[in-house]
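Residues in the sequence shown are numbered from 7 upward in steps of one, following the numbering used here.
First the structure, in the form of structure tokens, and then the observations on it.
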Amino acid sequence: MRQIPVKIDWMQIAVEIYNFHSSQLRDDPKWTVAKTADALNRSFGSVSQYLLIASWSRSHEKQLKRCNSMKDALAFVREREREMRTREL
Numbered sequence: 007m008r009q010i011p012v013k014i015d016w017m018q019i020a021v022e023i024y025n026f027h028s029s030q031l032r033d034d035p036k037w038t039v040a041k042t043a044d045a046l047n048r049s050f051g052s053v054s055q056y057l058l059i060a061s062w063s064r065s066h067e068k069q070l071k072r073c074n075s076m077k078d079a080l081a082f083v084r085e086r087e088r089e090m091r092t093r094e095l
């Protein structure tokens, strides 16, 4: 029987990477993003971006789910961060 491939979207990947990273941090407080990247065979930058999106999804899940791509989600997050810094000044 032929299996149908399951498409995993960028938000699911972000959450899974976040869960893995958090689990490793609980076991080893000295765990780093670089170690997560190595363990998952991903670049440091991509892991950082996924962790950023996953952390923002806790408070902005609806807005992020409306994004069509990870690129759009990163743009949304960066714009919100810029707005927050501007308000602090």
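Yeah, the Cβ is synthetic: ideal placement off N, Cα and C, and Gly gets one too.
Am I right that Leu57 and Val39 are in contact with their C-beta atoms under 8 angstroms? What's the rounded C-beta distance? Locating residue 57 in the sequence shown gives position 51, where the first residue counts as 1. Locating residue 39 in the sequence shown gives position 33, where the first residue counts as 1. The C-beta distance from Leu57 to Val39 rounds to 7 angstroms, short enough to fall under 8 angstroms.
Would Ser49 be called buried (16 or more neighbouring beta carbons within 10 Å of its own) or exposed? Walking along the sequence shown from the start, residue 49 turns up at place 43. That one is exposed.
Burial state of Ala43 (16 or more Cβ within 10 Å): By 1-based counting over the sequence shown, the position of residue 43 is 37. The residue is buried, with at least 16 neighbouring Cβ atoms inside 10 Å.
Evaluate Gln18 with the Cβ neighbour count: other Cβ atoms within 10 Å of its Cβ, from every protein chain shown; 16 or more gives buried, anything less gives exposed. As a position in the sequence shown, residue 18 is number 12, starting the count at 1. The residue in question, Gln18, is exposed, as its Cβ has fewer than 16 Cβ neighbours within 10 Å.
Using the Cβ count rule (16 or more neighbours within 10 Å means buried), how would you classify Leu70? As a first step, residue 70 must be located in the sequence shown, where it is residue number 64. Leu70 comes out buried.
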